[in-house]
Amino acid sequence: MNTPLLRSLPAVLTVMAVCAVPAAAVPAAPAETPDPVVFVHGWNSDGTAWNTMAARFGEDGWPADRLYRWTYPTSQSNATTAAQLATEVDRVLAASGASRVDLVTHSMGSLSSRHYLKNLGGDAKVDAWVSLAGPNHGTETARWCDGTSCAEMRPGSAFLNALNAGDETPGPVRYATWWSSCDMINQPGGTVALTGAVNTRTPCLQHTAFTDDAGVYRQVRDHIGGTAARPRS
-1 MNTPLLRSLP
9 AVLTVMAVCA
19 VPAAAVPAAP
29 AETPDPVVFV
39 HGWNSDGTAW
49 NTMAARFGED
59 GWPADRLYRW
69 TYPTSQSNAT
79 TAAQLATEVD
89 RVLAASGASR
99 VDLVTHSMGS
109 LSSRHYLKNL
119 GGDAKVDAWV
129 SLAGPNHGTE
139 TARWCDGTSC
149 AEMRPGSAFL
159 NALNAGDETP
169 GPVRYATWWS
179 SCDMINQPGG
189 TVALTGAVNT
199 RTPCLQHTAF
209 TDDAGVYRQV
219 RDHIGGTAAR
229 PRS
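Listed below in structure tokens is the structure:
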């Protein structure tokens, strides 16, 4: 038998035994408290439209008191809604002690929130802004509904012309939009994307599916950049 090999065997066994001992678990660094998320729904809807997405944020570690499913009257002017949103954001900041919020919007909610950012000082109070299927440059389907807010969503309206004049994504806010070629509500299809934003085309999604789609949620979560918990795969 090989004598040198026998002499080295104890040392080899010692090394193997050491390597077999499980390494001590490294404690995870404390997660930062995420920005509060204010959800802004679209026309003829309310805050319950966000139930599925808010639940997913909760599963990923966002505290319930950082998730605000806001409801507002959708027939009024988007400028009026923007002023009410400003009050809501201030209320959330005061209640949470945070310095900024994240705004996650769907459909017409994109318009009032953009008015808030551009004209009411919201760009100093918002970190990330999300537009899911927002008619940012108008939609022809708004000609089929009545009321001030519907008229403002029509292409070429005075409200949209003012909103899109100059910089479409003002201030330090991190802007992002999501749109789908299967969205039959937003016509023409290029209405959602904004110059200066991260614009993402999704797989085939109908207009109301954006708030419930798991893939869109993961992308929104990653854009917001919260660190409340390790993201799900």
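Under this note's numbering, read the sequence shown as residues -1 to 231, first letter to last. Using N, Cα and C, we set each Cβ at its ideal position, and we do this for glycine too. It should be emphasised that the depicted structure is a prediction, and the values quoted were computed from it without experimental measurement.
The beta-bridge partner set that DSSP reports for residue 175 consists of 129 and 197. Secondary structure of residue 31 (DSSP, three-state): coil. Under DSSP, residue 99 forms a beta bridge with 124. Its chain contains 151, 152, 153, 154, 155, 158 and 189 as the residues whose beta carbon lies nearer than 7 Å to that of residue 136, once the 5 sequence neighbours on both sides are disregarded; these appear in chain order. Residue 203 and residue 186 have their C-alpha atoms some 15 Å from each other. When beta bridges are read from the DSSP output, residue 66 appears opposite 36.
Shown here for residue 113: same chain residues with a beta carbon closer than 7 Å to its own, the five before and five after excluded, namely 76, 77, 80 and 161 in chain order.
Within the same chain, 130, 176, 200, 203 and 208 come within 8 Å of residue 214 by CB-CB distance, once the 5 residues on both sides are set aside. Beta-bridge partners of residue 104 (DSSP): 130. Taking every protein chain shown into account, the CB of residue 220 has fewer than 16 other CB atoms within 10 angstroms, so this residue is exposed.
Comparing alpha carbon positions, the residue from 61, 87, 85 and 100 closest to residue 223 is 100. Nearest to residue 170 by alpha-carbon distance, out of 127, 148 and 211, is 127.
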